[in-house]
Structure formats: C-alpha cells, structure tokens
Amino acid sequence: VHIKKVEIYGFKSFGFTNKVINLEKGMMCITGPNGSGKSNILDAIAFALGENSPKSLRVDKLHSLFHDDNNEQKRKNIRVSVTFDNSDRVIPVDANSVTITREMPFDGDSIYYLNGKHVSKSTITDLLDVALATPNRLNNVQQGMIMRIAELNSEERRKILEDII
Amino acid sequence: VHIKKVEIYGFKSFGFTNKVINLEKGMMCITGPNGSGKSNILDAIAFALGENSPKSLRVDKLHSLFHDDNNEQKRKNIRVSVTFDNSDRVIPVDANSVTITREMPFDGDSIYYLNGKHVSKSTITDLLDVALATPNRLNNVQQGMIMRIAELNSEERRKILEDII
Amino acid sequence: KRKIFMESFEKVDKDIRYIFSTMTDNLGSAWLEVEDTDNIFESGLSLMIQFPNKPARESTSLSGGEKTIAAITFLLALQSLRSSPYYLFDEVDAHLDAQNTERLLKILIEKSKVSQMIIVTLKDMIASHANLVYGVYAKNGVSNIIKYKSNIEVTV
Amino acid sequence: KRKIFMESFEKVDKDIRYIFSTMTDNLGSAWLEVEDTDNIFESGLSLMIQFPNKPARESTSLSGGEKTIAAITFLLALQSLRSSPYYLFDEVDAHLDAQNTERLLKILIEKSKVSQMIIVTLKDMIASHANLVYGVYAKNGVSNIIKYKSNIEVTV
Ligand SMILES: Nc1ncnc2c1ncn2[C@@H]1O[C@H](COP(=O)(O)OP(=O)(O)OP(=O)(O)O)[C@@H](O)[C@H]1O
Ligand SMILES: Nc1ncnc2c1ncn2[C@@H]1O[C@H](COP(=O)(O)OP(=O)(O)OP(=O)(O)O)[C@@H](O)[C@H]1O
Ligand SMILES: [Mg+2]
Ligand SMILES: [Mg+2]
C-alpha cells in the first residue's frame, strides 16, 4: 500500500481549481521556493486522512484552511482526496485502489467519502488504523520538528515503544 | 563596543588547551561540519557572560559542560573569557578593552574576573545590562529557535515591547 | 508485559544498530539501552550514538545536525515494530552538512523500498536521487505543481 | 504610559517597514499593527508581512522560510529601541531558499555596521560575504579553530 494520488481543491494556497499529484512507490520529492506550497501539500494529506487539530494543520482555526485569495468564493467547499494503491489489500477494503475524500463546507462539518461513498469519519480512521496509515508524529515530521524528536527524554522514548506494542 | 576576543578552555568539545578566537567589528562567520563545535562557541560566549541555565547551555546539568574526553582531567577548571573593545566606553569601565572571565571549578561555584580582577557576578551583570550586552533570546538566537520567534503571538510581541521600554 | 516489552526492545535496538552503521559505512555505531532493567516501566530508554572518530554519547547531548541523524535512526527503527506505509518528512535535512545529507539519503533510499517516502527538501542532493520530483511554485498567491521525471538536476 | 508605548511602537514599526522593504528591494512591505487601540495593554501587536506578488498576511500564517524572514525583521527592528552591541545567530538560514538567503544576507551586512553579527552558517553564500570566517573542525572529539580571511570560498 502506498499513496498514488493526491487531489487538492481550495485548501490553503491551493486555489479553487483541482490540483492533482500522481505519486509512485519509493522516494518522492517535493521542492520549490519558500512560500510556494510544499508544506501545504503535506498538510492536505494529513487533513484528508482525518487530522482535525488547527495547530497540526498550522492554522489558528479550521476556517483559515479555506483559500483566502478571493473572499466571495468563501462559499465554496474545500475538497482533498488521497488515493492509495491497495493491491496488497493492507487496507481492509476489497478494491485495488482506495480513495479517501474529505470535503469541508464553509459553515458545517466535514464529510468523508470512501471510494465515492459517503461514510462516517470513524469508518475512515478505523481503516487507516488497521493499515497503520493514520498520520501521526512518527510518520509525519513537520518542518522544524525533527529536532524535537531528537530531544525526547528517555521516559518519552520508552512510552513511545509501550504505545506501539 | 564589540567582541574582539573569545578564549575557551575545557568547555564542552573544547579540550584542556586554550583556544583563541580573534574577532572584529562587522559580520563574523563560523562554519564547519556537523558536530565540529560551532554552537559550543556561542554557548561559551553566553556562559562567560553569566548564562547559568543548563537548558540554555544545551546540557542536562552544569557538570556536563566539562570536556568529557578524559575523565581524570575532570579536576581541571573550565575557563572562558570574552574581551570587548570598549574604546567607545559603552561599558561603564574606564578602559579600552574589557575582559570578562568566568572560571568554573568541578566542585564549586563560578568565579568571575573583570580585567583580571576578581569581582562578584552581579558586578558583571550590572555592567552588561547598562551596555545592553547581556545575552538574551533577542540577541542570541540558538539553533532551531528562529521559528519560535516567528510564532510568537500578538500578546507576546506586545510584552516584548513593554519589557524593553 | 515485561517479556513483550523486551522482545520489542530487542527488535528496535537491532534495527537502530543496523540503520546507523549503514548510514556511517560501519564506522559508527548506535544502540538502545534500558536505564534500569529492574524497573523497566519506571525508567527510560537511552539512545546511544557514536559517530566515527568520536566518543559515544547519549543522543540528547549531540549537536543539531547529529541529533537529526539520531532522530531519523530512531524513527525508521520503529518500523520493525510498526511499519507505516508512508512517511512525510518536511525539510528534515535543514541542519545537515554535506556528509550527513549523504548519510540521510542512503537510508531514505534503502527504507523507501519498504515504505513510501514523501520528502520536502530544498537540497538538490536529495531531490536528484528521488524516483519522482514535484516542483511547486506560487503565482498570484496560488500554488501550482509541475512534475519532473527523476534524476533531473533540480535548481531551487 | 500609553504615550511612551506608542512612541516606541512608531519607532519599531518604522524600522520594520524599512528593513523588510530593503530586503525585498522595495517590492514587499511589512508593518506592525495594534490590534485594539482602545485597549493597548490588553490586546496584542500583529506583524503584517507582504512578500512580492503575494497578499499581505499575519506573520504566523506564513511558510517556514517566510517566517524566518519575518522573525529577523522583527528582531533587528527592535534595535531602534534597544541596540545590542552583538548578535549571535545560529543557523537562522537553515530553512531559506536561495532568494531569501540573499535577502537575509543583505540586511545582515547592513545591520553589521551598527552591531557586530556573529553568524553560524553552513551556507557558502553567507560565509563568503563575511569580514572574517572561522572554520571549526573536530579531531579525536576535540574542537579546533582555524581562521580564514574573508571572501574566501569556504566549502563545508
Ligand atoms: N488559507 C490560505 N490561503 C492562501 N494562502 C495561504 C493560506 N494559508 C497559508 N497560505 C500561504 O501559503 C504559502 C505556502 O505555504 P507553505 O508553508 O506550504 O510553503 P512552503 O513551500 O512549505 O515554504 P517554505 O520552504 O518556506 O517552508 C504561504 O505563503 C502562506 O502564507
Ligand atoms: N562536555 C562535552 N565534552 C565533549 N564534547 C561535547 C561535550 N558536550 C557536547 N559535546 C560534543 O560537542 C560536539 C559539537 O557540538 P556543537 O553543538 O557545537 O556542534 P555544531 O558544530 O554546532 O554542529 P551542527 O552543525 O550539527 O549544529 C558534539 O558532537 C557534542 O556531542
Ligand atoms: Mg515549508
Ligand atoms: Mg550547531
């Protein structure tokens, strides 16, 4: 299982046109000048997979996730999809590819879709948990945070091992 | 007023031979591979000028500041001196150069010297305060901390201004 | 409980040794130590790191760049317990010199055979070894994406 | 008390505008705003930043590299209130791309005429513009220092 596609619409610096990123197995790199939108792509992936804390998404409140370049468009929804290659069936869904979509209206709760079908958030998080694909601080190291991992004290390290077991 | 010399003996990765760094006005750069001792030089300057918090000196306890390569030498003292060019008399001492030396014995309190004369720590901190030369988080930005300055919230920014006034 | 913990500890310790010596061409070594084997669940785990030609030290007293290498070693070693299908790394190479960037590259390439690595970097050395590179740029405040095939010299 | 605060505020605001437009060749602008002028001491100060060809934003919602530039601007602007004789900057350029490294360099050179700048960096672009460069290296776990004259190409 790996991420084979990410689609971003209206999320942060990504405007209200659908942007598609096709990925493969192995090592993928994202590069570009400061302020171009690199970290926002990682935020979009975490967002689609259920991350709901403004701090983890690097905003003051969830409303700030809406692309802010054009205010009248605020009524448009944010939509981010992450498609996994599931030919090894690590995600317990009987399909070669699994697409998780999160849509957030400006004035309501997020709606989640699994391969196009409306499902609850807990369905998504349960599936991701089984596949160990839920974004967390051990598989998603944000900008500047690598030093914090190195500065964990010995107790915190033990607790990380205990949590995993 | 500027720093024209730093002498380091027994502090962290600097062994028990006196290392001297002559500096000038303007922009001074320190470069070199990872783990060579660059940040330790900045720590040494902060240490000599009175910094006493282990966390700010990036150690668990002050004893860890002793160069640890050779245990039997532990009985040697740490000694760091910072010499300022004081021809503009910004530091209220009537001398063209002001040398502040901090010596730390393995099992006792630090001893401070001002141009070779034994003085109390508060004499040193008072002089530095007048010259605005006390190391603090606004003139000494440690590795990885620049992001934290940018992430100050608006209240913290106001408090910084209030403190300075 | 103690038995399960120690089995997991052994696995992670073994992987830490392997990863760090791979990164340093067998010149360095790293390992995990239980601080107090009689009170495992009240004490902690020390991550010991020895860079080539240097004494062994606990990872918290290393330099900034050395700490980055230690952290990557620990994170990827946890894979032996819980293998994540993907890793998102955002400029983890920021404080690395050329030698340690190369060490990082070596282990990322090796581990990318097991888990997908999605790496944000400003360094050509890393980007030029990727299977695929995406360039991102902003125009009028909106982000756009362009795909490069791999092994193309990417100027940032 | 309010009068003194506002005088200081004006000074810092003026310097923020100057520093940021110097760094961006007058293409960008930055300024300080009092959130609530009726309740100065209960509200905060917003640092507004507008990079060239981008909308103005509060500094906390910028990218990592943009935040570095914003932080440097704020720190150096405080000099107009309280001018420190020296600055110690440890790899503040770590997350900057080439363009922003150049902007940082520009303001460091200018402000180094007023205060001494002691800069740890791994980037040649910065080191090669210094008045003086020290190289540090470790041998058998002990740090040594060697002095280069300035404007020599320093490879790290
Ligand atoms: N809601 C939003 N609408 C529009 N732009 C936004 C929004 N939120 C953040 N931005 C902008 O998105 C831009 C890109 O941010 P991002 O953090 O992804 O940059 P980056 O490519 O990671 O840069 P760096 O190399 O500096 O880390 C920033 O300029 C930021 O101000
Ligand atoms: N008490 C000590 N005795 C000997 N060595 C020490 C001591 N404390 C720290 N060190 C070592 O000093 C070395 C240099 O540390 P320092 O943080 O100055 O490196 P640096 O040049 O800033 O590297 P980087 O580019 O990675 O930030 C490290 O390898 C560290 O383990
Ligand atoms: Mg970023
Ligand atoms: Mg350092």
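Note that the protein sequences, when read in sequence, are chains A, B, C and D.
Here the first sequence stands for residues 1 to 165, where the numbers follow this note's numbering.
Here the second sequence stands for residues 1001 to 1165, where the numbers follow this note's numbering.
Here the third sequence stands for residues 2001 to 2156, where the numbers follow this note's numbering.
Here the fourth sequence stands for residues 3001 to 3156, where the numbers follow this note's numbering.
Ideal Cβ positions, reconstructed from N, Cα and C, are used throughout, including at glycine.
Owing to the predicted nature of the structure, the values given are computational and were not obtained by experimental measurement.
Closer than 8 Å at the beta carbon, the chain D residues around residue i
i, result
"G2044 (chain C)", "Chain D residues near G2044 (chain C): none, gap ~25 Å exceeds 8 Å."
"G1050 (chain B)", "Here the premise fails: no neighbours, minimum Cβ distance about 14 Å."
Beta-carbon neighbours of residue i, restricted to chain B and to distances below 9 Å
i, result
"L3104 (chain D)", "Near L3104 (chain D) there are no residues of chain B at all, since even the closest Cβ is about 10 Å away, more than 9 Å."
"I2945 (chain D)", "No statement about residue 2945 (chain D) is possible, as the shown extent of chain D runs from 3001 to 3156 and does not include it."
Below-9 Å beta-carbon distance, residue i vs any chain B residue
i, result
"G2065 (chain C)", "yes"
"T3121 (chain D)", "yes"
"E3010 (chain D)", "no"
"T2024 (chain C)", "no"
"R3082 (chain D)", "yes"
Beta carbon proximity, residue i to chain D, threshold 9 Å
i, result
"P1135 (chain B)", "yes"
"A2070 (chain C)", "no"
"D60 (chain A)", "yes"
"V1080 (chain B)", "no"
"N1153 (chain B)", "yes"
"F1066 (chain B)", "no"
"V1130 (chain B)", "no"
Whole-angstrom distance between residue j and residue i, CA atom to CA atom
i, j, result
"E3066 (chain D)", "V3092 (chain D)", "12 Å"
"N3144 (chain D)", "Y3137 (chain D)", "5 Å"
"N2053 (chain C)", "S1036 (chain B)", "12 Å"
"K2111 (chain C)", "V2012 (chain C)", "15 Å"
"H63 (chain A)", "F106 (chain A)", "7 Å"
"K3139 (chain D)", "P2055 (chain C)", "11 Å"
"E1162 (chain B)", "F3005 (chain D)", "7 Å"
"I165 (chain A)", "D1129 (chain B)", "53 Å"
"R3017 (chain D)", "R2057 (chain C)", "46 Å"
"K2001 (chain C)", "S2008 (chain C)", "11 Å"
"D1126 (chain B)", "P33 (chain A)", "45 Å"
"A1048 (chain B)", "I2146 (chain C)", "51 Å"
"A131 (chain A)", "V90 (chain A)", "6 Å"
"F2074 (chain C)", "I3119 (chain D)", "30 Å"
Amino acids of chain A, ordered along the chain, whose beta-carbon sits closer than 9 Å to that of residue i
i, result
"I2019 (chain C)", "Per Cβ cutoff of 9 Å: no residues; I2019 (chain C) is ~14 Å from chain A at best."
Contacts of residue i in chain D (Cβ-Cβ under 7 Å)
i, result
"N34 (chain A)", "S3063, G3065, E3066, L3096, D3097, N3100"
Residue-chain proximity (residue i, chain C), Cβ-Cβ < 9 Å
i, result
"G15 (chain A)", "yes"
"A3138 (chain D)", "yes"
"L161 (chain A)", "yes"
"V20 (chain A)", "yes"
"S1110 (chain B)", "no"
"I146 (chain A)", "yes"
"K12 (chain A)", "yes"
Beta carbon proximity, residue i to chain A, threshold 9 Å
i, result
"F3051 (chain D)", "yes"
"A2130 (chain C)", "yes"
"G2135 (chain C)", "yes"
"A2147 (chain C)", "The question names Ala, but residue 2147 (chain C) in the sequence shown is Lys. Yes, because at least one Cβ of chain A sits closer than 9 Å to the Cβ of K2147 (chain C)."
"L2029 (chain C)", "Residue 2029 (chain C) is actually Ser in this sequence, not Leu. Chain A contact via Cβ: absent."
"I2016 (chain C)", "no"
Partner residues on chain C for residue i, Cβ-Cβ distance less than 9 Å
i, result
"G3141 (chain D)", "N2053, K2054, P2055"
Neighbouring residues, chain A, relative to residue i (Cβ below 7 Å)
i, result
"D2090 (chain C)", "S39, L42, V141, Q142, Q143"
Cβ-based neighbour list, residue i, same chain, cut-off 7 Å, excluding 5 preceding and 5 following
i, result
"H2129 (chain C)", "L2105, I2109"
"F1066 (chain B)", "G1010, K1074, I1078, F1106"
"K12 (chain A)", "N40, D43, L65, H67"
"L2062 (chain C)", "I2049, A2070"
"N1115 (chain B)", "A1095, V1098, T1099"
Neighbourhood of residue i by C-beta, 8 Å cutoff - its chain only, sequence neighbours within 5 removed
i, result
"A3098 (chain D)", "M3125"
"S120 (chain A)", "Y112"
"D60 (chain A)", "P54"
"H2 (chain A)", "L23, E24, K25, F84, D85"
"I149 (chain A)", "R137, V141"
"I2040 (chain C)", "R2002, F2005, M2006, V2034"
Beta-carbon contacts of residue i that lie in its chain and below 6 Å, excluding the five residues immediately before and after
i, result
"K4 (chain A)", "L23, T83, D85"
"S87 (chain A)", "N96"
"S110 (chain A)", "R102, M104"
Partner residues on chain B for residue i, Cβ-Cβ distance less than 7 Å
i, result
"S3059 (chain D)", "A1150"
Any C-beta of chain F under 9 Å from that of residue i
i, result
"A3130 (chain D)", "Absent from the structure is chain F; the protein chains it does hold are A, B, C and D."
Beta-carbon neighbours of residue i, restricted to chain C and to distances below 8 Å
i, result
"H63 (chain A)", "Simply none; closest approach about 18 Å."
"R102 (chain A)", "Correct list: empty, because the minimum Cβ distance to chain C is about 16 Å."
*Three or more C-beta pairs closer than 8 Å, one from the segment 3044-3053 of chain D and one from the segment 1153-1165 of chain B: is that the case here?*
yes
*Evaluate contact between the segment 3096-3107 of chain D and the segment 3022-3033 of chain D, counting only Cβ atoms and requiring at least three cross-stretch pairs below 8 Å.*
yes
_Across the segment 1137-1147 of chain B and the segment 122-138 of chain A, are there enough close Cβ pairs to call them in contact, namely three or more that are closer than 8 Å?_
no
*asked:* So, does the segment 3075-3083 of chain D touch the segment 1013-1029 of chain B, judging by three or more C-beta pairs under 8 Å?
replied: no
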